[in-house]
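J.: Take this structure first; my questions come after.
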Amino acid sequence: MIQPHGISSIQDKELFLKNRSTLITDVLLPNKKQVDIWYDDTGIIRAVGPEVAKEHRSEADITLDGSGTLAIPGLVNTHTHGAMTLLRGYADDMHLQQWLSEKIWPLEAHLTGDHVYWGTKLACLEMIKSGTVAFNDMYFFMKDAARAVDESKIRAVLSHGIITFGNEEKFETELKATDDVVHYVRSLHSPLITSAIGPHAPYTVPPDHLSICAEYGHKEKILLHTHLAETKQEVDDCQKTYGMTPTALLDKAGCLSDRTVAAHGCWLSEDDCRLLGERGSHIAHNPVSNMKLATGRAMPYHWLSDKGVNVSLGTDGCSSNNNLDMLEEMKIAAICQKFFWNLDTLLPAAEVLSMATSCGAKALGYAGGEIKEGMPADILLVSLHCPSMIPLHNPVSNIAYSADGGAVDTTICNGRILMRNRYVPDENEIIKGASSSADDLLNRAGIMA
Numbered sequence: 009m010i011q012p013h014g015i016s017s018i019q020d021k022e023l024f025l026k027n028r029s030t031l032i033t034d035v036l037l038p039n040k041k042q043v044d045i046w047y048d049d050t051g052i053i054r055a056v057g058p059e060v061a062k063e064h065r066s067e068a069d070i071t072l073d074g075s076g077t078l079a080i081p082g083l084v085n086t087h088t089h090g091a092m093t094l095l096r097g098y099a100d101d102m103h104l105q106q107w108l109s110e111k112i113w114p115l116e117a118h119l120t121g122d123h124v125y126w127g128t129k130l131a132c133l134e135m136i137k138s139g140t141v142a143f144n145d146m147y148f149f150m151k152d153a154a155r156a157v158d159e160s161k162i163r164a165v166l167s168h169g170i171i172t173f174g175n176e177e178k179f180e181t182e183l184k185a186t187d188d189v190v191h192y193v194r195s196l197h198s199p200l201i202t203s204a205i206g207p208h209a210p211y212t213v214p215p216d217h218l219s220i221c222a223e224y225g226h227k228e229k230i231l232l233h234t235h236l237a238e239t240k241q242e243v244d245d246c247q248k249t250y251g252m253t254p255t256a257l258l259d260k261a262g263c264l265s266d267r268t269v270a271a272h273g274c275w276l277s278e279d280d281c282r283l284l285g286e287r288g289s290h291i292a293h294n295p296v297s298n299m300k301l302a303t304g305r306a307m308p309y310h311w312l313s314d315k316g317v318n319v320s321l322g323t324d325g326c327s328s329n330n331n332l333d334m335l336e337e338m339k340i341a342a343i344c345q346k347f348f349w350n351l352d353t354l355l356p357a358a359e360v361l362s363m364a365t366s367c368g369a370k371a372l373g374y375a376g377g378e379i380k381e382g383m384p385a386d387i388l389l390v391s392l393h394c395p396s397m398i399p400l401h402n403p404v405s406n407i408a409y410s411a412d413g414g415a416v417d418t419t420i421c422n423g424r425i426l427m428r429n430r431y432v433p434d435e436n437e438i439i440k441g442a443s444s445s446a447d448d449l450l451n452r453a454g455i456m457a
């Protein structure tokens with residue numbers, strides 16, 4: 009058995025090297041039932057129940073002692089910009105447009121593929137340490153991001169962020185970058201990594217370019233990842249220029265479908281929510297980023313829910329959050345909705361847990377987010393010995409309102425053990441490489457580190 013404070017033996021290190029048939033014994037589920045979980049070397053859960061250890065122990069290559077832990081599905085982050093970990097703390101407490109135009113975009117002009125590789129490696133490490141097993145990423149140099157994700161062995165949907173402001177030459181370049189990512193991801197033959205097309209937003213990509221993006225996504229059968237109705241100014245400007253909301257504009261351009269994941273949605277109208285529901289589109293709620301950047305309004309979860317829209321959860325990038333802790337995001341999502349809309353029963357604990365798990369998996373187009381037979385073995389073991397998890401009157405409430413990423417003891421993605429007893433292989437190397445890369449980025453931009 010692996011000890012909590014170190015992985016020393018060759019046998020222990022081999023725990024992380026490949027998928028193997030695994031038995032998790034004596035673990036607690038959110039309904040307080042104590043069970044065993046067995047999954048095979050394909051990463052599929054084959055049995056969950058109190059007698060599983062007796063029936064399948066001989067079939068398991070590995071046995072993990074789950075006593076003192078709570079098993080929940082792995083978390084799904086449906087909107088982030090992974091490599092922006094390198095920009096964490098670089099520019100805070102500013103107006104959104106000033107923050108973008110004066111700080112973020114100028115620094116990003118100095119990015120290289122190596123920066124994105126290390127920033128994404130750091131993002132994957134942070135996500136693994138806090139229980140995220142899948143994420144929806146939009147950024148630049150996405151082939152380098154794909155390489156980092158492939159090495160990290162978590163799930164990802166990767167899109168090149170397309171920003172054109174109507175420039176045709178720029179659009180051709182952006183489409184070429186997207187096509188390169190799509191084909192590179194396919195060449196990896198990884199069941200965990202897929203691609204998307206990523207028109208940044210209706211205010212950075214005009215309608216004719218949005219239409220071409222929609223056609224490309226349909227042709228390639230990939231997701232479309234975008235930002236939508238994040239600020240009131242965005243909505244007002246769109247109404248003034250096009251005579252319709254950004255949601256209606258996306259729909260007119262053919263961008264709304266059941267393969268669409270739109271981030272934010274703070275300033276959606278009831279009609280917008282109805283349209284999203286009719287199209288089967290998905291929303292990624294990013295409450296921490298929205299509050300930090302003072303978008304002025306909480307995403308209307310009650311309207312979206314009433315219209316049948318699948319609402320998932322995201323962190324946004326580390327430059328506006330400033331972390332990737334989905335457990336923290338769950339708490340903020342639930343209390344933000346209650347506070348802003350003055351509805352104390354809105355978005356209860358069980359719903360926000362689903363938002364961060366099964367709703368996220370649905371948005372990203374794969375079956376998952378539940379611990380049951382036939383589902384992928386995306387499993388977290390949360391320590392029940394953390395102060396924030398005691399007492400255990402209601403495990404779901406503890407997960408939603410009191411736990412943070414530090415309570416996650418073990419992270420398993422598609423049957424692969426990525427963290428055990430809070431140990432992740434190569435953690436120190438990743439931290440060293442990412443720190444050096446962040447300094448290099450600032451030096452290239454002429455900024456003192």
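Under the working numbering, the first residue of the sequence shown is numbered 9, with each subsequent residue one higher. Cβ atoms here follow ideal geometry from the backbone N, Cα and C, with glycine treated the same way.
#1: Determine the burial state of glutamine 11: buried for a count of at least 16 other Cβ atoms within 10 Å of its Cβ, exposed for fewer.
#2: With a threshold of 16 other CB atoms inside 10 Å of the CB of aspartate 266, please say whether the residue is buried or exposed.
#3: Please report the distance separating the alpha-carbon of isoleucine 52 from that of alanine 385.
#4: Helix, strand or coil: which one does DSSP assign to asparagine 39?
#5: Does the ligand HEM have a heavy atom nearer than 6 Å to the CB of valine 56?
#6: Check whether the stretch 136-145 and the stretch 103-112 are in contact - that is, three or more C-beta pairs closer than 8 Å.
#7: Below 8 Å on the Cβ atoms is my guess for valine 269 versus alanine 292; work out the distance and round it to an integer in Å.
#8: Taking 8 Å as the cut-off, does the stretch 407-422 touch the stretch 329-346 (at least 3 CB pairs, one atom from each stretch)?
#9: From the DSSP output, which residues share a beta bridge with methionine 418?
#10: Measuring straight from C-alpha to C-alpha, what distance separates arginine 282 and isoleucine 80?
#11: Bridge partners of tryptophan 46, per DSSP?
#12: Anyone know if the C-beta pair for serine 75 and aspartate 48 falls short of 7 Å?
#13: Can you look up leucine 264 in the DSSP assignment and give me helix, strand or coil?
#14: Does threonine 268 get closer than 7 Å to chain E when you measure Cβ to Cβ?
#15: Please name the residue, chosen from Leu83, Asp73, Trp46 and Lys161, that lies closest to serine 4 on a Cα-to-Cα basis.
#16: Can the beta-carbon of valine 189 be found less than 7 Å from the beta-carbon of histidine 217?
#17: Just to confirm the assignment, what range does the alpha helix (DSSP H) spanning valine 124 have?
#18: Which of the three DSSP states is assigned to serine 362 in this structure?
#19: Just verifying my parser: in three-state terms, what is the DSSP assignment at valine 404?
#20: Got a sec, what are the start and stop residues for the beta strand (DSSP E) methionine 397 sits in?
#21: Any idea if lysine 227 is buried or exposed, counting beta-carbon neighbours within 10 angstroms, 16 or more meaning buried?
#22: Going by beta carbon distance, what residues of the same chain come within less than 7 Å of phenylalanine 173, once the five residues before and after it are set aside?
#23: Taking only three categories from DSSP, how would you classify alanine 292?
#24: Can you tell me where the beta strand (DSSP E) holding isoleucine 340 begins and where it ends?
#25: Per DSSP, which one or two residues make a beta bridge with phenylalanine 143?
#26: Suppose contacts are defined by Cβ-Cβ distances below 7 Å. Is leucine 284 in contact with alanine 237 by that definition?
#27: Under a three-way DSSP split, which group does leucine 276 fall into?
#28: Using the beta-carbon count (16 or more within 10 Å), is methionine 427 buried or exposed?
#29: Tell me whether proline 433 sits in a helix, a strand or coil according to DSSP, three-state version.
#30: To which residues does DSSP link arginine 424 through a beta bridge?
#31: DSSP has threonine 234 in a bridge; who is on the other side?
#32: Give a yes or no on whether the C-beta atoms belonging to leucine 119 and threonine 93 are separated by under 7 Å.
#33: So what does DSSP say about proline 207, is it helix, strand or coil?
#34: Using the Cβ count rule (16 or more neighbours within 10 Å means buried), how would you classify aspartate 145?
#35: Can you tell which of Val193, Ala222, Tyr192 and Lys260 has the C-alpha that lies nearest to the C-alpha of isoleucine 205?
#36: Which of helix, strand or coil does DSSP assign to leucine 72?
T.: Answer, in terms of the structure:
#1: For glutamine 11, the pLDDT reaches just 34, beneath the cut-off of 50, and the residue's location in the model is therefore unreliable, although a value from the coordinates is still provided. Exposed is the call here.
#2: exposed
#3: Between the alpha carbons of isoleucine 52 and alanine 385 lies a gap of roughly 5 Å.
#4: coil
#5: The ligand HEM is absent from the structure shown, which contains no ligand whatsoever.
#6: no
#7: 6 Å
#8: yes
#9: Here residue 418 is threonine; the residue named in the question, methionine, does not match the sequence. BP columns for threonine 418 point to Leu389.
#10: 32 Å
#11: Leu31 and Ala55
#12: no
#13: coil
#14: The structure shown contains no chain E; it is built from a single protein chain.
#15: This structure cannot speak to residue 4, because the chain is shown only from 9 to 457.
#16: no
#17: Valine 124 -> alpha helix (DSSP H) spans 121-137.
#18: helix
#19: helix
#20: It is not in any beta strand (DSSP E) - methionine 397 carries neither H nor E in the DSSP assignment.
#21: exposed
#22: Thr212
#23: In this structure, DSSP gives alanine 292 an extended state, which the three-state scheme calls strand.
#24: It is not in any beta strand (DSSP E) - isoleucine 340 instead sits in the alpha helix (DSSP H) that spans 334-349.
#25: According to DSSP, residue pairing for phenylalanine 143 in a beta bridge involves Asn85 and Ala164.
#26: No.
#27: coil
#28: buried
#29: Here DSSP, grouped into helix, strand and coil, assigns proline 433 to coil.
#30: Cys421
#31: Ala270
#32: no
#33: strand
#34: Looking at its Cβ environment, which holds 16 or more other Cβ atoms inside 10 Å, aspartate 145 is buried.
#35: Ala222
#36: strand
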